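Below you'll find the structure, written out as structure tokens, and then a few comments.
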Amino acid sequence: MNHFKELRLKHGYKSQQDLASVLFVNQTAVSQWERGVTIPSPPILLKLCEMYGVTTDYLLGRTDEKKERSREKGVRIPVLGCVQAGIPIEAIEDIVDYEEIPESMAKNGEYFALQVRGDSMEPKFSEGDVVIVRKQESADDGDIAVVLVNGNEATVKKIKRRMDGIMLIPNNPSYDPMFYSNQEIATLPVAIIGRVVELRAKF
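Counting from -5, one number per residue, gives the positions in the sequence shown under our numbering.
Shown next, in the form of structure tokens:
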């Protein structure tokens, strides 16, 4: 029998949806892991082991010996309160905190963290939550990205690409999606500065 549910509850994720939101998967996937129907993809499996501090063998129920996984050295990244156009990420002084990411993750790109403001991405992202962002200038359809519009402060939105432009989609149904034509993308401008890879909810 696997230890998915036991470890989820032990680490404060009261519902399957709580864990699913952190991992950017749906609740059905978590349910299937806990019932032994499927197992996570290798990247998610590794992330769960890092979160829980256990081996993959223990998580998957291949052993009941709760040997702690040797903790990987962490790399600190700044949590920014805001990001504005024209200011390089490394030059921003509005640092509100620091978060730690695994060294193996840090080797795969440049990362920063951003504190969520407003409620446009509720219920998945709440004001004060922190998102871990991989710095990059593009994002795929369906990705959640950090986007600068018209030189204003960065916004966190889901990306939907169209032939004639791009849509920035909020989670909160009280807010309308924002559409920008290809011309507006070039002239305003609208610029993707990173892809959200992890949510660290603040309770």
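From the three backbone atoms N, C-alpha and C, an ideal C-beta is built for every residue, glycine too.
Values in this document were obtained by computation on a predicted structure and should not be read as measured data.
If you follow the alpha helix (DSSP H) that Val48 is part of, which residue opens it and which one closes it?
Neither: Val48 is in no alpha helix (DSSP H) and is coded neither H nor E.
Quick one: grab the DSSP three-state call for Thr181.
helix
My output table needs one value for Thr22: the three-state DSSP class, helix, strand or coil.
helix
Selected residue, minimal CA-CA separation from Pro15, among Pro183, Asp58, Ile179, Asn165
Looking at the sequence shown, residue 15 is not Pro but Ser. Of Pro183, Asp58, Ile179, Asn165, the residue nearest in Cα terms is Asn165.
For Thr32, I'd like the list of residues in its chain whose CB is within less than 8 angstroms of its CB, leaving aside the five on either flank, ordered along the chain.
Ala23, Gln26
Out of Asn146, Gly68, Pro34, Val110, point me to the one whose CA is closest to Glu94's CA.
Nearest of Asn146, Gly68, Pro34, Val110 to Glu94, Cα basis: Gly68.
Closer than 6 angstroms by C-beta to Glu104: which residues in its own chain qualify, once you throw out the five before and the five after it? Chain order, please.
Lys129
Thinking C-alpha only, which one of Val19, Asn144, Phe106 is nearest Met172?
Asn144
Counting pairs of Cβ atoms below 8 angstroms between the region 154 to 169 and the region 105 to 115, do you hit three or more?
Verdict: yes, contact present.
Which residues bound the alpha helix (DSSP H) around Gln130?
Counting along the chain, Gln130 falls outside any alpha helix (DSSP H), and DSSP gives it neither H nor E.
Taking DSSP as the reference, what is the three-state secondary structure of Ala195?
coil
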